[in-house]
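J.: Protein chains in written order, with the numbering used here: chain G, 26 to 286; chain A, 285 to 539; chain Z, 121 to 401.
Input: one structure, supplied below.
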Amino acid sequence: MLTGKSVAARLAPVLACMGLLALWQIAALALNSDSFPTALEAMRAIPSILGDKEALINILASLRRMAVGFLAAVAFSIPLGLLMGRSASVASFCNPLLMVIYPVPKAALMPIIMLWLGVGDLSKTLVIFLGVSLPVIYHSFEGAKAVEEKMLWSGAAMGLSSVERMIRIVLPASLPEILTGCRTGLVLALITMVTSEMIARQSGAGNILFNALDMGQYDTVFAMIIIIGAMGIALDVAFESMRQRLVSWSEPQFDVPLSFS
Amino acid sequence: MSARRFTIDGLIGAIPIALLIGLWQALVSFGYAPPTLLPPPGLVFERMVHQLTSGAFQQAIAATVFRLFAGFAIAVVLGVGLGLAAAASPAVNALMRPIVRVLAPLPKVALYPALLLLLGFGHESKVVLVAADALFPILLSTYYGASTVEQKLIWSAMAAGTPPRQILFKVVLPAAAPSILTGCRIGLVISCIVVFLAEMITSTDGLGHVLVTAARTFQAVDMFVPLITISLLGLILNGLLQAARSYLLRGFPEV
Amino acid sequence: MTAAGSRSEAPLERTPASKSAPAMIEIDRVSQVFRTSSRKDHLALSDISLAIEDGAFVSILGPSGCGKSTLLYIVGGFVQPTMGTAKMKGKTIAGPGPDRGPVFQEFALFPWKSVLGNVMYGLRQQGVRPAEAEAQSRALLDMVGLKGFEHFYPKELSGGMKQRVALARTLAYHPEVLLMDEPFGALDAHTRTRLQNDLLKIWERDRKTVLFVTHSVDEAVFLSDKVVMMTRSPGRVRQVVDIDLPRPRRRTELLLDPRYQKYVVNIERMFDEPDEDELRC
């Protein structure tokens, strides 16, 4: 199956990465500013960050909080979204509240939540949970709403109870849409994590970034940007390949992760 | 009939919001939460009204709204332009596709320190961050809408004597309008959120700055006010866009 | 080739001059190959030659997948043939133009324009002033029975009404040839009959050349002067049948006419028998 075209399609994003880095290199050389290191200088700073034990622990702790917040959000949001999609009264009960919460920047709740729950893992994880929940609820809702009524009728005729219909018909039928929501949520988890750490300035990847900025270690700043950017791309690629395997039966989707928190 | 259904839905929807405020009030009234941590809703509302009439707060709103609109406008122009170009030209498409594939999942907020170093702490860095974040949903939905325009719509216009150069603006753009406006709606909410976060991170002025200042002095009431303001701002802008959408798309099925 | 229309008893005789003119549409050894994702290319049309006279109503009849729509798109200039040429009035067709107006099964109305806006579109493209374009469009809408619906949007109309708008939109810019791609295929039987009758009435008034793609034998015989029967994959011209029935035709009268019945039965029989080409494959 490895035709010339599919190899080209796989290589294209790699080439794009290299092109963007080359562009950066040229721009930095042209500007020749202390605060704008070249791509090579920034990349040279990466090993020293990843080699620094404290920084590494910080980053791994960030990632752990992110994973916990993401999984908790998914476990909470998918059932709620599916329920909203299949029951009009649940939907009209929840929708206005969600609409009000939607434009609230979740990472901005960080100072308030820290006031209540302290600066520990709990507040940071909670913020990530909030950030991920909305898109997953929304997509599960849309997916469940679009499930064909006749499929459920056939299910009922086969003697499935309403709970069984939910698990055995609605869930798989809305899986493509749910996974689209999860993909958005995953990138959002990363963004919320970085943003909340930038705001809280306590620990984690976002904090390393801003500490370096404060201390004028510009190559570290840009190296951290590369690391966080690479995490985003790696998570997206990994999730996308899993998604394609799970729902290869469905129509291809054009949706992409939206980055907001 | 449908109007009545609408009011009933509205009433049901008001329940959780009312419950939330009730719970909030109860927590304070029964002494479970000290007012310094969770001020009663009445106090927050009072403070909100007071702030909205104060000059300093209005200036903060103005700074935020300016950045929001500037960033959003850049994202719309670039997103729609690039999306149409990618749909119209296979060469542009081949060049853009991998770049978008890389840049879309990138957490743009991580670029913010770089923007600060390059553009300074003023409007520019925040506007660029907002534009960068709002760009991709608009670009992708434009591209999707423009590349799925029904072929026979284009043929009909060509047969009626539309020159090929004009097809893009006379057929593809209006036919892709529903998709473009959906992208704009997502982009608008993102803009609201990102501008606020950027203001919190650098904290020079704007609504985000108001929140951070309040947090530093542990003024819980003043922390709620900017949050509610940005949320209201988002809802108002979303409502305006929705109104524009139902006017512009009045001919399309299922708006 | 003489179109049956010229022998009709219709009050509007065509002028003799047009009889001696070259064919309106000439399709000359046209073949169409489509590249598919698999390695094998698909031969959709094979070596088609046809001449269609000015003012003739010609149907292209065949099973689905025989490339009959593709042939129409080639005449429309929407698709370039892989081999051969299609000519209009002696000039090779290079692209779409207002001299050939399409009517699609899917209606393809502009959803962002009102009924009036859709019909005015072509006239405005031709540079007709707005007031004049509006007057002409209103007259056309009246003719297709949609007076009073000018400011409706397509989504508010039934399928039959949409197709009337699409017909008016195409007639508005006065194409010399109407290209109809299974125009009534998406309509219910009752609406379809009414639109067939109305189409004939309009056609009998101004006698435009019509190329009409359909898979309904009934429809083809009822409407046409000439029926081009096509074979399935690759599409070839199997036989051309002249329909020698008087005009104006009324469906209710025609259904009882033994000549009409004979045409329908004969064509259906021919489709039932495998032809030589198919046997050879």
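Yeah, the Cβ is synthetic: ideal placement off N, Cα and C, and Gly gets one too.
Note that the structure is predicted; figures quoted are calculated from it, not measured.
Taking 8 angstroms as the CB-CB limit, is G/P197 close to chain A?
T.: Between G/P197 and chain A, the shortest Cβ-Cβ separation is not below 8 angstroms.
J.: What separation, rounded to the nearest whole angstrom, lies between the Cα atoms of Z/P274 and Z/G237?
T.: 10 angstroms
J.: Please work out which residues of its chain come closer than 7 angstroms, Cβ to Cβ, to A/A441, disregarding the five sequence neighbours upstream and downstream, and give them in chain order.
T.: I451, K454 and V455
J.: Applying a beta-carbon distance threshold of less than 7 angstroms, which residues of chain A neighbour Z/Q245?
T.: A444, G445 and T446
J.: Is the region 237 to 251 of chain G touching the region 177 to 184 of chain G in the sense that three or more CB pairs, one from each, lie closer than 8 angstroms?
T.: They do not touch, by the three-pair rule.
J.: Mind pulling the chain A residues with CB within less than 8 angstroms of G/T220?
T.: V393, L481 and I485
J.: Taking the beta carbon of G/S286 as the centre, do at least 16 other beta carbons fall within 10 Å, making it buried, or is it exposed?
T.: Because the pLDDT at G/S286 is just 31, under 50, the model does not fix this residue reliably, and the value given afterwards should be weighed accordingly. G/S286 should be labelled buried.
J.: Can you round the beta-carbon distance between G/G106 and G/F166 to whole angstroms, since I take them to be within the 8 angstroms contact cut?
T.: Going by Cβ atoms, the distance from G/G106 to G/F166 rounds to 4 angstroms, so yes, they are a contact pair.
J.: Give me the Cβ distance between G/R90 and G/K149, rounded to the nearest whole Å; I'm assuming they're in contact under 8 angstroms.
T.: 5 angstroms
J.: What number of angstroms, rounded off, separates the C-alpha of G/L147 from the C-alpha of G/I153?
T.: 10 angstroms
J.: For Z/T205, report the span of its beta strand (DSSP E) as first-last.
T.: Segment M203 to M208, the beta strand (DSSP E) holding Z/T205.
J.: With a threshold of 7 angstroms on Cβ separation, who are the neighbours of A/V312 within its own chain once the five nearest residues in sequence on each side are excluded?
T.: P319, L322 and P324
J.: Could you check whether the Cβ of A/A461 sits closer than 8 angstroms to any Cβ belonging to chain Z?
T.: yes
J.: Once the 5 residues before and after A/S463 are set aside, which same chain residues still bring their CB inside 6 angstroms of it?
T.: Residues S425, Y428 and G429 of the same chain have their beta carbon placed closer than 6 angstroms to that of A/S463, with the five preceding and five following residues left out of the count.
J.: Between G/M109, G/G145 and G/P38, which has its C-alpha nearest G/Q227's C-alpha?
T.: G/G145
J.: At what residues does the alpha helix (DSSP H) containing Z/F154 begin and finish?
T.: It is not in any alpha helix (DSSP H) - Z/F154 instead sits in the beta strand (DSSP E) that spans I145 to F154.
J.: Kindly list, in the order they appear in chain G, the residues whose Cβ is closer than 9 angstroms to that of A/N377.
T.: Neighbours of A/N377 on chain G: none; closest Cβ ~11 angstroms, over 9 angstroms.
J.: Give a yes or no on whether 8 angstroms exceeds the smallest Cβ distance from A/L519 to chain G.
T.: yes
J.: Could you pull the start and end residues of the beta strand (DSSP E) that Z/A164 belongs to?
T.: Taken as a continuous stretch (DSSP letters only), the beta strand (DSSP E) holding Z/A164 covers H162 to I172.
J.: Among residues of its own chain, excluding the 5 on either side of A/R331, which ones have a beta-carbon nearer than 6 angstroms to its beta-carbon?
T.: V505 and V509
J.: Between the Cα of A/V333 and the Cα atoms of A/Q343, A/L419 and A/T513, which residue gives the shortest distance?
T.: A/T513
J.: For A/Q503, which three-state DSSP category applies?
T.: coil
J.: Sort out for me which residues DSSP pairs Z/T334 with in a bridge.
T.: Z/L181
J.: Going along chain A in order, which residues have a C-beta closer than 9 angstroms to the C-beta of Z/E146?
T.: Under the 9 angstroms cutoff, chain A gives no residues; its nearest Cβ is about 19 angstroms from Z/E146.
J.: When the Cα atoms are used, what is the spatial distance from G/A214 to Z/F269?
T.: The alpha-carbon atoms of G/A214 and Z/F269 are separated by roughly 52 angstroms.
J.: Which same chain residues end up closer than 6 angstroms to Z/V153 when comparing Cβ atoms and leaving out the 5 residues on each side of it in sequence?
T.: Excluding residues within five positions, the ones whose Cβ falls inside 6 angstroms are D161, L163 and T202.
J.: Taking C-beta to C-beta, are G/M288 and G/I224 nearer than 8 angstroms?
T.: For chain G, the structure presents residues 26 to 286; residue 288 of chain G sits outside this window and is missing.
J.: Have a look at A/F536 and G/L46 and give me their C-alpha separation to the nearest angstrom.
T.: 43 angstroms
J.: Can you tell me the Cα-Cα spacing of Z/G265 and Z/Q256, whole angstroms?
T.: 14 angstroms
J.: Using beta carbons (cut-off 8 angstroms, strictly below), is A/E434 in contact with chain Z?
T.: yes
J.: Just to check my reading of the structure: Z/D174 and Z/M144 have Cβ atoms closer than 8 angstroms, yes? What is that Cβ distance to the nearest angstrom?
T.: 4 angstroms
J.: Mark A/Y316 as exposed unless 16 or more other C-beta atoms lie within 10 angstroms of its C-beta, in which case mark it buried.
T.: exposed
J.: If we define contact as Cβ-Cβ less than 8 angstroms, is G/W239 a contact residue for chain A?
T.: The sequence shown places Asp at residue 239 of chain G, not Trp. Output row for G/D239: interface = no.
J.: Of the choices A/L307, A/P300 and A/A398, whose alpha-carbon is the least far from that of G/S117?
T.: A/P300
J.: Report the three-state DSSP secondary structure of Z/F224 (helix, strand or coil).
T.: strand
J.: Could you give the C-beta distance for A/A347 and A/G471, rounded to a whole number, given that I count them as a contact under 8 angstroms?
T.: About 20 angstroms; that fails the 8 angstroms criterion.
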